[in-house]
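Quick note on numbering: our numbering labels position 187 of the sequence shown as 188, and the sequence is numbered without any gaps.
Glycine included, every Cβ here is placed at the ideal spot set by N, Cα and C.
Down below is the structure, laid out as structure tokens.
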Amino acid sequence: IESRLAERIGASSFADLSGVRGVEERHRDIYTIPNAITMTRIACSPAISWLILDSQFEAAALGVCLAGASDWVDGFIAKNFNQMSTLGTFIDPLADKILVGCVAVPLVMQGALPTWVVGIMVGRDVLLISGVLWVRSFSRPAGSPFIDWSTKSVDFEVTPTTSSKLNMVSSVALLGASLSNLAWGVPGAEVVEALCYITAATGVVSSAEYARAGLEVRAKFNK
């Protein structure tokens with residue numbers, strides 16, 4: 002199945018949706034330390050939202066820093082201690098998107114970010130998550146369950162593209178700058194505004210790339 006999948010998808014890059022490629026047996030273990038750290042980060046994200054809404058900006062900023070550190074730690078453990086998993090390639094970027102949403106929406110409600118830029122950020126993430134589910138719907142072997150993290154029916158994993166990484170960096174910088182501005186008055190409003198435009202531009206470009214790549218992958222499966 003994996004060889005047929007790789008042959009049909011070819012060299013198409015499919016980022017958070019892209020880079021669909023065969024996975025090894027060692028990647029099928031879901032009970033790993035990195036996955037536990039990632040799930041903890043997901044569970045704690047709503048608490049950061051509450052801190053922002055309650056105007057506890059310093060505490061919220063600390064929470065964001067800890068979440069960022071946990072993201073680095075789970076990646077380090079996965080790569081250096083042979084704990085990479087198929088599930089991890091999905092829930093790690095999902096955790097990032099949940100954290101972004103849990104920080105961005107309250108910042109809009111506090112008047113620190115414009116609605117339009119957060120709309121682009123959230124809309125892009127919805128597109129990517131929907132795309133992953135769509136790819137799964139036609140790429141899984143006949144008769145296999147839709148959600149299956151441990152058997153050979155899971156024949157692709159998620160890897161970010163360059164445009165996705167750039168957008169994630171700009172999004173984190175924007176959210177960090179906005180939160181820091183509320184907490185300590187730095188950086189200035191002009192920096193936050195500039196980051197808004199950079200984040201929006203990279204978000205639109207990466208969304209367009211994902212949509213095109215998804216259609217290309219679908220077309221290859223139809224051959």
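ask   = Is it the case that the Cβ atoms of Q84 and T39 are separated by a distance below 8 angstroms?
value = no
message = Considering just the uninterrupted stretch of the alpha helix (DSSP H) at R63, what are its terminal residues?
response = Contrary to the premise, residue 63 reads as Leu rather than Arg in this sequence. Counting along the chain, the alpha helix (DSSP H) containing L63 begins and ends at F58 to N81.
ask   = Mapping DSSP to helix, strand and coil, what is D55?
value = coil
request  = Starting from G132, trace the alpha helix (DSSP H) both ways and give me its first and last residue.
outcome  = T116 to S140
query = Quick one, which of A68, W51, L129 and D75 has its alpha-carbon nearest A214's?
reply = L129
query = Can you tell which of T163, G189, A190 and A37 has the C-alpha that lies nearest to the C-alpha of G89?
reply = A37
query = Excluding the five sequence neighbours on either side, which residues of its own chain have a C-beta within less than 6 angstroms of the C-beta of S207, listed in chain order?
reply = S164, S165 and N168
ask   = Between which two residues does the alpha helix (DSSP H) carrying M169 extend?
value = For M169, the enclosing alpha helix (DSSP H) starts and ends at T163 to W185.
message = I believe A53 touches V104 by the beta-carbon criterion, under 8 angstroms. Please report the beta-carbon distance rounded to the nearest angstrom.
response = Reading the sequence as shown, one finds Ile at residue 53 and not Ala. Confirmed, about 7 angstroms.
query = By Cβ distance, which residues of its chain are closer than 6 angstroms to L114, with the 5 residues on each side in sequence left out?
reply = Excluding positions up to five away in sequence, the list reads L108 and S179.
task = Output the boundary residues of the alpha helix (DSSP H) element that contains A214.
result = A190 to F222
inquiry  = Using 8 angstroms as the threshold, is the C-beta distance between A96 and R42 below it?
reply    = yes
ask   = Out of I31, Q111, V74 and N81, which has the shortest C-alpha to C-alpha gap to F58?
value = Q111
inquiry  = Taking 6 angstroms as the limit between beta carbons, can you name the residues of its chain near R27, skipping five residues before and five after?
reply    = Model confidence at R27 stands at a pLDDT of 47, short of 50, so the residue's coordinates are unreliable; what they give is reported in the following sentence. Closer than 6 angstroms at Cβ, skipping near neighbours: no residue.
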